[in-house]
Amino acid sequence: MTGLIHVIIRVSDDTAYATSPQAPGMVFVRDTVDEIHAELQEVLAFYFDAPGPYPVAEHRERHFDIHGHGEIVTRVALDAQQARRTDVYLRIGAALTVPEQVPGLLGIPTNLVGECVYVCAVASDTLGWLYAQLDERGDAFAAAVAVADPFLFALPLMSGDPPGSSKRPSYTLGQRDYGPDTTIGEVMKDTAAVSPVGMRIPA
Numbered sequence: 170m171t172g173l174i175h176v177i178i179r180v181s182d183d184t185a186y187a188t189s190p191q192a193p194g195m196v197f198v199r200d201t202v203d204e205i206h207a208e209l210q211e212v213l214a215f216y217f218d219a220p221g222p223y224p225v226a227e228h229r230e231r232h233f234d235i236h237g238h239g240e241i242v243t244r245v246a247l248d249a250q251q252a253r254r255t256d257v258y259l260r261i262g263a264a265l266t267v268p269e270q271v272p273g274l275l276g277i278p279t280n281l282v283g284e285c286v287y288v289c290a291v292a293s294d295t296l297g298w299l300y301a302q303l304d305e306r307g308d309a310f311a312a313a314v315a316v317a318d319p320f321l322f323a324l325p326l327m328s329g330d331p332p333g334s335s336k337r338p339s340y341t342l343g344q345r346d347y348g349p350d351t352t353i354g355e356v357m358k359d360t361a362a363v364s365p366v367g368m369r370i371p372a
């Protein structure tokens, strides 16, 4: 395995687990995130059957159970843009407290287990970087970018044919001549309007 590995860590009340779209089927479970950090390179070397070290981009997820309506997950990359990504996360959290906003948040394509995942993004993120976070076996999320307070721009992205994928159209590489190096900011320039929760992207 060569290239960047996106490691997605989710923490619950009593455990933490890591997955990666670059390592399909890998579910690395430990009691704490520190334990995952300590053993991650060894686990990746075992999975890929090749010695490391492996370059890793770490992401943290938080799960929200919208009682009786669905599930929303936020994902924040721990990188140089973490503060700006956290602003997106906070805006989504604020929207979840407004009942009228919840249906819009739940209106994106879901992943294979029925979750609506929001990747907290910035305008300089590329489509290639985002698509690398999708499981090729079938996956979906919306990349959300903060614009004028309290608005968000949401770009649905999919791989394969996950359940719920017909809820809202999504972009694929090559559409409108977009490629892996196209930024979300460039996509936003082609879009006329945004809403407090998200944006329906025209096909």
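Here the sequence shown stands for residues 170 to 372, where the numbers follow the working numbering.
For each residue, glycine too, the CB sits at the ideal point set by N, CA and C.
- Under the three-state reduction of DSSP, P319 is assigned to coil, being neither helix nor strand.
- A direct Cα-Cα distance of roughly 17 angstroms separates F215 from H175.
- A301 carries a coil assignment under DSSP once its states are collapsed to helix, strand and coil.
- H206 sits in a helix when the DSSP states are folded into three classes.
- Contact check for C285 against G239 passes: the beta carbons are separated by less than 8 angstroms.
- Unbroken beta strand (DSSP E) runs of no fewer than 3 residues, entirely contained in the region 233 to 261, are found at 239 to 246, following chain order.
- Spanning the alpha carbons of Y258 and R244 requires a straight line of approximately 8 angstroms.
- In this structure the region 313 to 323 does not touch the region 193 to 210; the number of beta carbon pairs closer than 8 angstroms is below three.
- Non-local beta-carbon contacts of L173 in its own chain, meaning distances under 6 angstroms to residues more than five positions away in sequence, involve P224, A226 in chain order.
- A distance below 6 angstroms between beta-carbons, with the five flanking residues on each side excluded, links R229 to the following residues of its chain, in chain order: I178, V245.
- It is roughly 24 angstroms from the alpha-carbon of K358 to the alpha-carbon of L303.
- Residue pairing by DSSP leaves I353 without any beta bridge partner.
- With 16 or more other Cβ atoms from the protein chains shown falling within 10 Å of its own Cβ, R254 counts as buried.
- If you compare the alpha carbons of A323, V282, L324, A252 with that of H232, the shortest gap goes to V282.
- Going by DSSP, V271 is part of the alpha helix (DSSP H) stretching over 271 to 274.
- When the five nearest sequence neighbours on each side are left out, the beta carbons in the same chain lying within less than 6 angstroms of the beta carbon of I277 are those of C285, A311, P325, R337, in order along the chain.
- Counted as a single uninterrupted DSSP element, the beta strand (DSSP E) harbouring Y287 occupies residues 284 to 290.
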